[in-house]
Structures are given as structure tokens and as C-alpha cells.
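Shown next, in C-alpha cells, is the structure this report addresses.
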Amino acid sequence: MQPKHLALIVFIVGFITPNLVYVISASNEWVPQCIPYFDGCTSISRAGRRGYSLFIFRAFEIAHAVLLILYWYLAYVWLQKLGCQYERSLRWMLACGIIGAISLAVYADFLGTDGHVYRYMRRYGIILYFGLSPLAQLLMINALFKLQDKVNFSAVFKRCLRIKLALLVIMLLVGVGSVVMQYTGYSSFERENIVEWNLGLLMICFYGLSWRMWRDFNVTFDIKSQ
Numbered sequence: 679m680q681p682k683h684l685a686l687i688v689f690i691v692g693f694i695t696p697n698l699v700y701v702i703s704a705s706n707e708w709v710p711q712c713i714p715y716f717d718g719c720t721s722i723s724r725a726g727r728r729g730y731s732l733f734i735f736r737a738f739e740i741a742h743a744v745l746l747i748l749y750w751y752l753a754y755v756w757l758q759k760l761g762c763q764y765e766r767s768l769r770w771m772l773a774c775g776i777i778g779a780i781s782l783a784v785y786a787d788f789l790g791t792d793g794h795v796y797r798y799m800r801r802y803g804i805i806l807y808f809g810l811s812p813l814a815q816l817l818m819i820n821a822l823f824k825l826q827d828k829v830n831f832s833a834v835f836k837r838c839l840r841i842k843l844a845l846l847v848i849m850l851l852v853g854v855g856s857v858v859m860q861y862t863g864y865s866s867f868e869r870e871n872i873v874e875w876n877l878g879l880l881m882i883c884f885y886g887l888s889w890r891m892w893r894d895f896n897v898t899f900d901i902k903s904q
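Here our numbering is used: the sequence shown runs in plain steps of one and ends on residue 904.
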């Protein structure tokens, strides 16, 4: 498997899943019809909680979580192959990426269930996913910026790297703005949903850029039995 193929699949699955379940739920009148990225008429959770959209959401998001675990492992090995000497930083990147992916799977698995414990698992599952995944992305970008003097990256690669950094800066600003709105009383159901949908989209675009960046490398990972 080449990393570029995996990154593209991660991007496609991550982008299609919430939008697909929203279209299904809206067409069945389980949620209001709108453009959730701008109107915030429903959350991602509500869009994937009713009818058969729940089973589609669970299946796709759990598959997405597995793909993310593979993505972060391949990213870890790839950065080592490039000569990154910051092993501790790479291990933190791998740990944050994998824990974030597992948290996403936990959130998806318990979506639509009742009970205090299940609500707790959903809440902290999604918090860890939205908290640790961007941190893993930041550590990956940091490692690549430090490798620029050692590796002859193409102009397109460097441009994608700068765009990735811009995405993370926007995510940080959106996240800080959301916290400020909550503490100042300007938060609302719609605004929180808009933040959720757009943060999810920005995170997914990161993997689409990884696909474009990894097109410059022909790295193959083989699994061999002893």
C-alpha cells in the first residue's frame, strides 16, 4: 500500500459520511433541511441518529477510524524514512492520532444509545477526537517543516504544507471563538452546530492535502510474514 492511496480514502470516507447521513435524514424529515455548514440547523450527531442513517453512520465512521489508525502509523513510518530525528515528537503524533481515531469509533458506536454511561462515552469520545486529532496533525506539520532543510520537497509539496498549517490556524481560531461565545453568552444551538460541521470539514481537508503531498513519494509498505 502507498500512503497516497490511504490518505485519499481517508479523505473521501471522512467527507462523504456526515454529508450522506444528513441528506438521508433531511430527505426523511428526521432533521430540518438546510446547509448545516452555514445554517447549523442540526448537529452531525442528530443527522446520524435516526432510522437507518444511524447504521450507515456507525459503519462508515468506525471504518474511518480504522483507516485513520493506519494513516497515522504510515505517517509515523514515512517520517522516520525521511530522516526525522525527533522520535519523541513522532511517538506523540502517533499516540494522539491513534487515540483520537479510537475515540471517534467509541463515539460512533455509542451514538443513538440511552443511559448516563453511554452519554458519557459519546461526549468524551468526540471531545478526544476533536482535541487529539488536530494535535497529531500539528506535530506532523512541525516535523515536516523541520525536514525542509534535509529533504528536497517540491514547490507543490511546500504549498500544501503551508495550506495545512493555515487549516490548523483556522481550526484554532474557530475553537477559541466557540469557547469565547460560550462564556460570553453568545453561544446558541445553531452556532455550535456550525462550528462542529466546519471543524470536521477542516480536519478532513488535511488528509486530502496529504494525498496530494504523498503523490511526490513512491513509498510502499509491505507486511511480511515470518
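Here a beta-carbon is modelled for each residue, glycine too, at the ideal position from N, C-alpha and C.
Check                                                                                             : Outcome
For N876, the nearest candidate out of I722, S705 and L698 (CA to CA)                             : I722
Helix, strand or coil at K619 according to DSSP, with G and I counted as helix                    : The structure shown does not extend to residue 619, since the chain is modelled only from 679 to 904, so the question has no answer here.
Beta-carbon proximity of E868 to C762, cut-off 9 Å                                                : no
Selection from L846, D894, Y730 and M891 that minimises the alpha carbon distance to I702         : Y730
For E707, the first and last residue of its enclosing alpha helix (DSSP H)                        : Careful: E707 lies outside any alpha helix (DSSP H) and carries neither H nor E.
Close Cβ partners of I747 (< 6 Å) along its chain, the five nearest in sequence each way excluded : I776 and A779
For Y730, three-class secondary structure by DSSP                                                 : coil
Beta carbon of A685 nearer than 9 Å to that of S888                                               : yes
The region 830-845 contacting the region 690-700, beta-carbon criterion three pairs below 8 Å     : no
Spatial distance of V852 from E874 (CA atoms)                                                     : 10 Å
Top-ranked residue by Cα proximity to C774, from R724, L822, A743 and L825                        : A743
The region 823-834 in contact with the region 804-812 per 3-pair CB rule at 8 Å                   : no
Cβ-based neighbour list, A786, same chain, cut-off 6 Å, excluding 5 preceding and 5 following     : R736, E739 and I740
Per-residue burial, Y864 [other beta carbons within 10 Å of its own, 16 or more giving buried]    : exposed
Cβ pair L688, Y749 closer than 9 Å                                                                : Correcting the residue type first, residue 688 is Val in the shown sequence and not Leu. A contact, by the Cβ cut-off of 9 Å.
Boundaries of the alpha helix (DSSP H) in which D717 is found, first to last residue              : P714 to D717
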